[in-house]
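Counting in the numbering used here, the sequence shown tops out at residue 372, every number present.
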Amino acid sequence: MLRLPLLAWILSTAVNGQYAPPPYRQQDGSHPPSGLPTRIVQQLPPSTWIENMAVRSNGNLILTQLRPSAAVIQVTDPSSPYSYYEVAGIFPSIDGLYGITEVSTDVFVVVGCRFATIGDNVKGSAETWMVNFKSTDRSGGPLVKRVGRHPYMEFPNGMTSLPGVDDVVLIADSTLGLVWRLYLETGVTEVAIQLREMAYHQGTRLKIGINGIKIIDGYLWWSNSYVGDLYRLRIDRLGNPERNARPEHMFRHEGRFIDDFVLDDRGLWGTTNQNNTVLFAAYGGRVSDVAGEQNGLDLAVDTSCAFGRGERDGRILYVATGNNPKKGLGGKVVAVDTTSIRPRGNYFA
24 MLRLPLLAWI LSTAVNGQYA PPPYRQQDGS HPPSGLPTRI VQQLPPSTWI
74 ENMAVRSNGN LILTQLRPSA AVIQVTDPSS PYSYYEVAGI FPSIDGLYGI
124 TEVSTDVFVV VGCRFATIGD NVKGSAETWM VNFKSTDRSG GPLVKRVGRH
174 PYMEFPNGMT SLPGVDDVVL IADSTLGLVW RLYLETGVTE VAIQLREMAY
224 HQGTRLKIGI NGIKIIDGYL WWSNSYVGDL YRLRIDRLGN PERNARPEHM
274 FRHEGRFIDD FVLDDRGLWG TTNQNNTVLF AAYGGRVSDV AGEQNGLDLA
324 VDTSCAFGRG ERDGRILYVA TGNNPKKGLG GKVVAVDTTS IRPRGNYFA
C-alpha cells in the first residue's frame, strides 16, 4: 500500500476535531441557509481529479481517482483534524475511474476506462474491478480483482448496489442513456433500463445524460446532468422497471449541472461540478444552493458527495472535487456541516 504524507488541516471552524457551533439557528428544509460551514479534510496534488466516493463501515472515505491515473484513495478518519490519505489500489490497464458502490461490508466495485482525450473515452475500454478491504494483498492493501471487460459500454459513470442482492450492480451509461446490469460472478452485462429521460441533450459540451444513480425505497433515482433534472422510477429487486412504472420528474435545478447526489431524512443533496455549489432539495420545499458559489473555489468542480457513517459525522456531507489546473489546485475532500437544517417530513414518499 502506498502511503502519502500526512495532510492535517485544522481550520478556524474546527475545535478538537469537531465543528464549532454553526452560525445559523435551526431551520426547516423549506428555507435552508446558504453558506453552510465547510472545512477542508484533505487537499490532493494539483493534477488530481476525484470523481466519486463511498464510505466504509469504519467511516473512512474511499475515493475514485479519474486523473492523472486510475486509483482508489482511502481517507482515514475524515472527521478528525489528523486524518490522512493513502493510495489503496491502482489500475494500470485503464486511465481513470468513474463510479464506485459498496456491494457488501467493505467490499466495493469500481468502473473505469481508457481516455482518448479528456471527457472522451476509448470505446470498448471499460472495465470493472472489485476492491476488497476485508482481504489484503502482499503490500497490506485491499485485494483488487478484475470483474470484467465491457466492450459495449461507452461512458460508464454512476453506480449503485441493489438492496439485498450482493452479486449484481447497476451502472449508468451517460452517453448511451441507459443503465447496465452487471453480474459480478461472471462479469456479464445486460441493459436493465433505457429511457428518453436518461438520454443526453443535443448541443451539450459532453455527451452526458444520466449520471449519478441511487436506489432509495424501491425507486431508482438518477440525475440528467446538463439539464439539471432529477428523476425516479419504481424498480424490482434486480433493477428492472416495475410493471406499468413510469419515470417521475422530481425537480429541476435551473441552470445547474447535477452530478452526484445523496438522500437523507431531510431531502436530496447534490453536487453541481462546473457550478461549484452543493444543492439541497427539501422534502416539500424548494431547491437551492447551500454551500459554495459559482465563482468561488471552496467547492470548485464538486463531483460527488456522501454523508459520514460515524456518530460524530452523521450530518457531515463529505464532498469530493476535481482539479482546477488554471488555479494550480488539485482535487480535495471538503466537509460540509448540514446540522442546521432539520427534517420536515418525507414529501418524496
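Each residue gets a CB set at the ideal place from its N, CA and C atoms; glycine is no exception. The structure displayed is predicted, hence computed values, not measured ones.
Which of helix, strand or coil DSSP assigns to residue i
i, result
"Gln50", "Caution applies to Gln50, whose pLDDT of 47 falls short of 50 and renders its modelled position unreliable; the value that the coordinates give is listed next. Gln50: strand per DSSP, three-state reduction."
"Pro44", "Note that Pro44 scores 30 on pLDDT, short of 50, meaning its location in the model is unreliable and no value can be drawn from it."
"Arg219", "helix"
"Pro91", "coil"
"Val38", "Unreliable placement is indicated for Val38, whose pLDDT of 30 sits below 50; no coordinate value is reported for it."
"Arg367", "coil"
"Thr295", "coil"
Residue interval of the beta strand (DSSP E) (run including residue i)
i, result
"Ala195", "188-196"
"Ser327", "325-330"
"Ala268", "Counting along the chain, Ala268 falls outside any beta strand (DSSP E), and DSSP gives it neither H nor E."
"Asn75", "72-78"
"Phe284", "284-286"
"Tyr105", "Run containing Tyr105: none; DSSP gives neither H nor E here."
"Ser116", "Ser116 -> no beta strand (DSSP E), and no H or E assigned at all."
C-beta contact flag for residue i and residue j at 7 Å
i, j, result
"Gly351", "Pro69", "yes"
"Gly112", "Val78", "no"
"Gly262", "Ala215", "yes"
"Tyr108", "Gln66", "no"
"Cys136", "Ile117", "yes"
"Asp196", "Pro179", "yes"
"Asp343", "Ile73", "Looking at the sequence itself, residue 343 is Ala, so the reference to Asp does not match. The answer is yes: Cβ separation under 7 Å."
"Leu322", "Ala304", "no"
"Val324", "Gly315", "no"
"Ser379", "Asn75", "Look at the range of the chain in this structure, 24 to 372, and you will see that residue 379 is not part of it."
"Gly181", "Gly232", "no"
"Val170", "Thr151", "yes"
Nearest residue (CA-CA) to residue i, options the options
i, options, result
"Val133", "Thr344, Arg219, Leu205", "Leu205"
"His272", "Met221, Asp288, Arg137, Ala195", "Met221"
"Pro264", "Gly293, Glu125, Ile238, Arg289", "Ile238"
"Pro270", "Gly331, Met76, Gly278, Ile258", "Ile258"
"Thr295", "Arg309, Gly308, Glu277", "Glu277"
"Ser106", "Val356, Ile364, Pro366", "Val356"
"Pro186", "Phe284, Thr128, Asn318, Arg335", "Thr128"
"Gly337", "Leu286, Gln317, Leu243, Asp312", "Leu286"
"Ala93", "Gly58, Gly82, Phe138", "Phe138"
"Phe156", "Gly82, Leu89, Glu208", "Gly82"
"Pro174", "Val359, Leu229, Val211", "Val211"
"Ile63", "Pro348, Ile339, Arg367", "Ile339"
"Leu253", "Gly241, Val359, Ile281", "Ile281"
Inside the segment 136-205 only - beta strand (DSSP E) runs reaching at least 3 residues: Segments of the beta strand (DSSP E) lying fully in the segment 136-205: 138-140, 149-159, 165-173, 179-185, 188-196.
Threshold first: 3 residues or longer. Then list the beta strand (DSSP E) segments lying entirely within the segment 228-269, N to C. Complete beta strand (DSSP E) runs here, min 3: 233-239, 242-247, 252-257.
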